[in-house]
Amino acid sequence: MDEIREVIRAELGKPSTPWMDSDQAAAYLGATAGTLKNWRATGKGPKYHIVQDRLVRYHREDLDAFVRA
């Protein structure tokens, strides 16, 4: 029963969409949202997307590619 609970907890903790905001992406990378902001300002870091002229979003595949690079 404990094994099932752990699997359920792990699945519930996963994002339901591959798109993440800065806080979620930072947690995924083990960084801070401030670090991601600095990377965006300096042209470093993972690929990001601007949605509706102001919302920053990261795709999980882009974050994984950044980690692998």
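Residues 1 to 69 in my numbering are what the sequence shown spells out, letter by letter. The beta-carbon is built from N, C-alpha and C at its ideal position, and this holds for glycine as well. Keep in mind it's a predicted model, so treat the numbers as computed, not measured.
Kindly indicate which three-state DSSP category residue i falls into: helix, strand or coil?
| i | result |
| --- | --- |
| residue 28 | helix |
Starting from residue i and walking both ways along the beta strand (DSSP E), at which residues does that stretch end?
| i | result |
| --- | --- |
| residue 57 | 55 to 59 |
Can you name the start and end residues of the alpha helix (DSSP H) that residue i belongs to?
| i | result |
| --- | --- |
| residue 34 | 33 to 42 |
In whole angstroms, what is the alpha-carbon distance linking residue i and residue j?
| i | j | result |
| --- | --- | --- |
| residue 25 | residue 56 | 10 Å |
| residue 20 | residue 1 | 32 Å |
| residue 18 | residue 59 | 6 Å |
| residue 69 | residue 51 | 25 Å |
Please state whether the Cβ-Cβ distance between residue i and residue j is less than 9 Å.
| i | j | result |
| --- | --- | --- |
| residue 47 | residue 65 | yes |
| residue 35 | residue 45 | yes |
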